[in-house]
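Residue numbers (my numbering): 14 to 504. Note that beta-carbon positions come from the ideal geometry of N, C-alpha and C, so glycine has one too. For reference, the structure is listed below as structure tokens.
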Amino acid sequence: MPQWFLPRLLALALVLPAMSFTAVGDSVDAAIRQLRKAILRQRDGSHLPRLASLRQLDDPTLMPVFEHLATSPEWQVQVHAILGMAEITEPSRISPDHLLRLGSLPQETIIANAIDMQLIAPDQFAVLLDDERLGEMSRLLLLAELILLNEPVDIELLRHSASSTDLRISALASSLLARHGNPSALTAFANQLTGIASEIRNQNLILILEMIRQYDARAATNWIVDLLAQDGVHTEVAYRGTLTLLELDIQAGLTAWNEFLGENPTHRQLVRYGLVLLASKADIPASAYDKLQSDEELIQIMVQLGKVAARKEDQSEAFIDLLELRHRKSTIWAFMALEELEAEQASVVYLHLIDRLDDDQREQPQRTALAIRAVSALMEIRPQLVLERLARAKDNSITQQALLLGLFGTDNPAAGQAAAALTRIGFDRADSLALILMAKHIQMLETRDRDILGTIASGGGRVSESLQTQAAWLYLRHSGAIPSALPQLLN
Numbered sequence: 014m015p016q017w018f019l020p021r022l023l024a025l026a027l028v029l030p031a032m033s034f035t036a037v038g039d040s041v042d043a044a045i046r047q048l049r050k051a052i053l054r055q056r057d058g059s060h061l062p063r064l065a066s067l068r069q070l071d072d073p074t075l076m077p078v079f080e081h082l083a084t085s086p087e088w089q090v091q092v093h094a095i096l097g098m099a100e101i102t103e104p105s106r107i108s109p110d111h112l113l114r115l116g117s118l119p120q121e122t123i124i125a126n127a128i129d130m131q132l133i134a135p136d137q138f139a140v141l142l143d144d145e146r147l148g149e150m151s152r153l154l155l156l157a158e159l160i161l162l163n164e165p166v167d168i169e170l171l172r173h174s175a176s177s178t179d180l181r182i183s184a185l186a187s188s189l190l191a192r193h194g195n196p197s198a199l200t201a202f203a204n205q206l207t208g209i210a211s212e213i214r215n216q217n218l219i220l221i222l223e224m225i226r227q228y229d230a231r232a233a234t235n236w237i238v239d240l241l242a243q244d245g246v247h248t249e250v251a252y253r254g255t256l257t258l259l260e261l262d263i264q265a266g267l268t269a270w271n272e273f274l275g276e277n278p279t280h281r282q283l284v285r286y287g288l289v290l291l292a293s294k295a296d297i298p299a300s301a302y303d304k305l306q307s308d309e310e311l312i313q314i315m316v317q318l319g320k321v322a323a324r325k326e327d328q329s330e331a332f333i334d335l336l337e338l339r340h341r342k343s344t345i346w347a348f349m350a351l352e353e354l355e356a357e358q359a360s361v362v363y364l365h366l367i368d369r370l371d372d373d374q375r376e377q378p379q380r381t382a383l384a385i386r387a388v389s390a391l392m393e394i395r396p397q398l399v400l401e402r403l404a405r406a407k408d409n410s411i412t413q414q415a416l417l418l419g420l421f422g423t424d425n426p427a428a429g430q431a432a433a434a435l436t437r438i439g440f441d442r443a444d445s446l447a448l449i450l451m452a453k454h455i456q457m458l459e460t461r462d463r464d465i466l467g468t469i470a471s472g473g474g475r476v477s478e479s480l481q482t483q484a485a486w487l488y489l490r491h492s493g494a495i496p497s498a499l500p501q502l503l504n
């Protein structure tokens, strides 16, 4: 699910004051009003994250809602609807029929996400590619996936798309042709950029460099070397080109890296080109980091991390040191890199981010946000460690709240069982989080819990928009009110 969801939950209070429970009928009406804020377009765009939160429930009873929204005139809503239907279908698959009714922009957005989320089955590729309603960019995305799977594709289709006046289409087709050993398409693409504004030219060069890297088009190596050798190459083009070269040809990449780093690099250059080495999937030698000389702690830790990675040593402590600095760009990279790290090492890092909240129970948004992300990630690889931490966390502590919030990012039913095992004695933030998690994962709530859930859905609990939306649907489900509520909700 989208990563913005977790910090958004964190930022809003979930304190429930003592109050009398509303009547079931009133709570149903209030839940419908809340859900209409997700289904109807809001001027501030708040309906879109609400829709994302509904998708996160992974609830098959939402199918009529998503089917209704698939006909929305707003393309972003169409995307949420088609992906939402796919996620709750068994097995999880997009519907070609629904997809092919849409315009080119929602089509390509859905396909890009569906490929990443494994929501397209191999037998669906042919069905989609044979249909004339499939947009050109969507077609290329599917062909690109087939190429990555080493399946045969129609090269003539790629050549035709490479000459498109749509530079995104031309860039992707040229990159795929280069992967097939035909780098001349890249030269033709570069010629298309002649005479256009430098800002647009650079944006498109960065785009095609990323596509070349993503699809491992090694035949593009010489073209990139020539590109980076041009006078006045833009700093962002140099940066992205160096990263791409490192993964295609490590020696050519290190040559470009040394050249752009320079003999007397600034702090900014040291950080950027240090991150290039760390971010590269190439087997960077430890000696490459020797050129990153600085008294700055950030640079020293980056060098330390790069060298232990090159020597195949335990990287967990170096990752912890890096994350403790709270440097934004390196933190973004670190969380992506941790997904690829050996589970045992990654678990050490995630546990540190969670456990350090116990050292200072004052609410620190940045630390807590990282802990929430760590909980969701750790739940995927070592769920028992999360559940153990939750069982012994102090009631309503920042640590307990972070653990519960992180559990919203998993479909593991153990999250609901762990939440149900907690002692809930009032209306504090942790009690509210635990109840919504329970409602998501278990089949039946006790009457008192259902009534409290209705209060949250009614807006009385000062709950975040995302959680309030989830609580509203869950209340309808646990009250058996979905059949009677749907006509009011969708009309």
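Excluding its 5 nearest sequence neighbours in each direction, Ala295 has C-beta neighbours in its own chain below 6 Å: Leu259, Glu260, Ile263, listed in chain order. For the 9 Å CB-CB criterion, Ala485 and Ile45 form a contact. Counting every other CB atom within 10 Å of its CB across the protein chains shown gives Ala127 a total of 16 or more, marking it as buried.
In this structure, Ala99 is the residue among Ser66, Ala99, Asp167, Pro62 with its C-alpha nearest to the C-alpha of Glu80. Taking the Cα positions, Ile345 is about 25 Å away from Ile123.
Contact between Ser479 and Arg226 does not hold, since the beta-carbon distance rounds to 34 Å and is not under 8 Å. In this structure, the beta-carbon distance from Gln483 to Leu67 falls below 9 Å.
Residue environment analysis places Leu364 among the buried positions, since at least 16 neighbouring C-beta atoms fall within 10 angstroms of its C-beta. Under the three-state reduction of DSSP, Asn195 is assigned to coil, being neither helix nor strand. By the Cβ criterion, the region 167 to 174 is not in contact with the region 202 to 213, since fewer than three pairs of Cβ atoms, one from each stretch, lie closer than 8 Å. His280 counts as exposed, since fewer than 16 other beta carbons sit within 10 angstroms of its beta carbon. Annotation: Val166 is outside any alpha helix (DSSP H) and is labelled neither H nor E by DSSP. In this structure, the straight-line span from the alpha carbon of Asp308 to that of Leu142 is close to 56 Å. For Phe79, the enclosing alpha helix (DSSP H) has its first and last residue at 76 to 82. Per DSSP, Met457 is not a residue of any alpha helix (DSSP H), being assigned neither H nor E. If only complete runs of 4 or more residues are kept, the region 218 to 266 shows the alpha helix (DSSP H) at 234 to 241, 248 to 261, in order along the chain. Comparing alpha-carbon positions, the option among Pro196, Tyr228, Gly275 lying closest to Leu240 turns out to be Pro196. The DSSP-derived three-state label of Ser293 is coil.
Per DSSP, Phe421 lies in no alpha helix (DSSP H) and is assigned neither H nor E. Residue state for Gly58 is assigned as coil, using DSSP reduced to three classes. For the 9 Å CB-CB criterion, Ile219 and Ser187 do not form a contact. Look at Ile107 here: in three-state DSSP terms it is coil, with no helix or strand label. By the C-beta density criterion, Ser183 is buried, having at least 16 other C-beta atoms within 10 angstroms.
The three-state secondary structure of Thr344, taken from DSSP, is helix.
Here Ala470 is buried. Its C-beta has 16 or more other C-beta atoms within 10 Å. In the three-state DSSP reduction, Ser307 falls in the coil class, being neither helix nor strand. Note on geometry: alpha-carbon atoms of Gln313 and Arg405 lie some 36 Å from one another. In this structure, Arg192 sits near Asp229, with a CB-CB distance shorter than 9 Å. Looking at Asn504, Pro500, Leu503, Leu489, the one whose alpha-carbon comes closest to that of Asp72 is Leu489. In the same chain as Leu398, and ignoring 5 residues on each side of it, the C-beta atoms closer than 7 Å to its own belong to Ser360, Leu364, Leu391, in chain order. Secondary structure note for Glu357: its alpha helix (DSSP H) is the uninterrupted segment 356 to 368.
Non-local C-beta neighbours of Ser177 in its own chain, meaning closer than 6 Å and more than five positions away in sequence, comprise Ser183, ordered along the chain. Counting C-beta pairs with one atom in each stretch, the region 88 to 95 and the region 106 to 114 have three or more that are closer than 8 Å, which means they touch.
Note on Ile237: 16 or more other CB atoms within 10 angstroms of its CB, so buried under the neighbour-count rule.
Within the same chain, Cβ atoms closer than 6 Å to the Cβ of Leu156 are found at Val166, the five residues on either side in sequence being excluded.
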